[in-house]
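Peer 1: The numbering used here puts the first residue of the sequence shown at 2, with every later residue one more than the last.
Heads up, the beta-carbon is just placed ideally off N, CA and C, and yes, glycines get one too.
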Amino acid sequence: MFNINSGKEIWPYLGQALRAAQAHQGSFLLSPPSPASFDFLNVNMAVECADRVYPTSRLLLGTLVSAHVTAAPLLGPPIGLGPPTYDHNHAPTCAQWPAGRPSRYAGSYRAAGSAPILVLGTTGDPDTPYQDAVALAGTLDNGRLLTFAAEGNTAYNRSACVSALVTGYLATKALPARGTVCADETPPESLARRTTGIEVDETRDVIPVLR
């Protein structure tokens, strides 16, 4: 799943790997998760179980999971019925989470009296939906939304436009103009480019290093 977080730049390589998998051939998709991935995922699960309240009825949980599996027959079964790994399939574990939730915060989320808060949102984010960034910016008393019109997760360091505006904000608290949209996503390049290795990243798992 993490490979789709990288945006259009990875699409040709991901497509090639999926075609290889369809033909029962090996690809970087078969590379084992890195140790850093497990360090990230284990903590992520603990935070997710502490921050959210899940259905306590196993019957209701089973009904919801079954409905999602049916709606997404390709990826639904491994995500809905597989072991907990990331946000999208924590429910079966978190519904049985034995620890307390003393750190859970229930609001308010207005952050009244705060300094200006810059919120980043990527329109085609498969992990943290853009509409959530819109909602957060609207909820904060002093929030300002900066939009990255692109695919993939995160915006800083993936967009020169976003990085410049964020750096300026961090240095001076200056917010970009309302409605600012950055659209400088790196486009996908030809598969003729040589892949010389594999980059390991706790939030992207394994992706080709482009040279």
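#1: I need the DSSP call for V54, collapsed to helix, strand or coil.
#2: Expressed to the nearest angstrom, what Euclidean distance is found between the alpha-carbon atoms of L60 and P85?
#3: For G125, list the residues DSSP reports as bridge partners.
#4: Contact check, L141 vs R111 under 8 Å by CB: the rounded distance?
#5: Should E190 be labelled buried (16 or more other beta-carbon atoms within 10 Å of its own) or exposed?
#6: Around the Cβ of D126, are there at least 16 other Cβ atoms within 10 angstroms (buried) or fewer (exposed)?
#7: Sorted by chain position, which residues of the same chain lie with C-beta nearer than 7 Å to E129's C-beta, five sequence neighbours on each side aside?
#8: Out of Y87, V66, N6, which has the shortest C-alpha to C-alpha gap to M46?
#9: What did DSSP end up calling Y157 once you bin it into helix, strand or coil?
#10: Note the first and the last residue of the continuous alpha helix (DSSP H) segment covering Q132.
#11: Between which two residues does the alpha helix (DSSP H) carrying L67 extend?
#12: Leaving out the 5 sequence neighbours to the left and right, which residues in its chain are closer than 8 Å to K174 when beta-carbon positions are compared?
#13: Give the straight-line distance between the Cα atoms of A24 and A18, rounded to the nearest whole angstrom.
#14: Going by DSSP in three states, R1 sits in which element: helix, strand or coil?
#15: From which residue to which residue does the alpha helix (DSSP H) around T94 run?
#16: Quick check: A92 and V70, are their CB atoms within less than 9 Å of each other?
#17: Between the Cα of G63 and those of P78, R53, D52, spot the shortest distance and give me the residue it belongs to.
#18: Assign L30 to one of two classes, buried (16 or more other C-beta atoms within 10 Å of its C-beta) or exposed (fewer than that).
#19: Is A138 buried or exposed, if buried means 16 or more other CB atoms sit within 10 Å of its CB?
#20: Evaluate S109 with the Cβ neighbour count: other Cβ atoms within 10 Å of its Cβ, from every protein chain shown; 16 or more gives buried, anything less gives exposed.
Peer 2: According to the structure data:
#1: As a first step, residue 54 must be located in the sequence shown, where it is residue number 53. Reduced to three states, the DSSP call for V54 is coil.
#2: If you number the sequence shown from 1, residue 60 lands on position 59. If you number the sequence shown from 1, residue 85 lands on position 84. If you take the alpha carbons of L60 and P85, they lie about 19 Å apart.
#3: In the sequence shown, the residue the question calls residue 125 occupies position 124. BP columns for G125 point to E152.
#4: Counting from 1 along the sequence shown, the entry for residue 141 is found at position 140. Counting from 1 along the sequence shown, the entry for residue 111 is found at position 110. So it is a contact: roughly 6 Å between Cβ atoms.
#5: As a working note, residue 190 is residue 189 in the sequence shown. Its Cβ having fewer than 16 others within 10 Å, E190 is exposed.
#6: Stepping through the sequence shown from its first residue, residue 126 is reached at position 125. When all chains shown are included, D126 counts as buried.
#7: Counted from its first residue, the sequence shown places residue 129 at position 128. Note on identity: in this sequence residue 129 is Thr, with Glu being the wrong assignment. Answer for T129: N154, listed in chain order.
#8: For the purposes of this step, residue 46 is taken as residue 45 along the sequence shown, with counting starting at 1. With distances taken between Cα atoms, M46 lies closest to Y87.
#9: In the sequence shown, the residue the question calls residue 157 occupies position 156. In the structure shown, Y157 sits in a strand (DSSP, three-state: E or B).
#10: One-based indexing of the sequence shown puts residue 132 at position 131. That run of the alpha helix (DSSP H) goes 131–140.
#11: One-based indexing of the sequence shown puts residue 67 at position 66. For clarity, residue 67 is Ser in the given sequence; the question names Leu instead. Element bounds for S67: 59–72.
#12: Sequence index remark: in the sequence shown, residue 174 carries index 173 (1-based). Counting only Cβ-Cβ distances below 8 Å, and skipping sequence neighbours, we find A116, P117.
#13: On the sequence shown, position 23 is the one that residue 24 refers to. On the sequence shown, position 17 is the one that residue 18 refers to. If you take the alpha carbons of A24 and A18, they lie about 10 Å apart.
#14: Residue 1 falls outside the range modelled here, since the chain spans only 2 to 212, and no answer is possible.
#15: Counted from its first residue, the sequence shown places residue 94 at position 93. Unbroken alpha helix (DSSP H) run through T94: 92–95.
#16: One-based indexing of the sequence shown puts residue 92 at position 91. One-based indexing of the sequence shown puts residue 70 at position 69. Contact flag unset, no.
#17: Start at 1 with the first residue of the sequence shown, and residue 63 comes out as number 62. Checking every option, the nearest Cα to that of G63 belongs to P78.
#18: Start at 1 with the first residue of the sequence shown, and residue 30 comes out as number 29. Classification of L30: exposed, given that the 10 Å Cβ count is below 16.
#19: The residue you call residue 138 lines up with position 137 of the sequence shown. Buried: at least 16 other Cβ atoms inside 10 Å.
#20: What you label residue 109 is simply residue 108 of the sequence shown in a count that begins at 1. Exposed.
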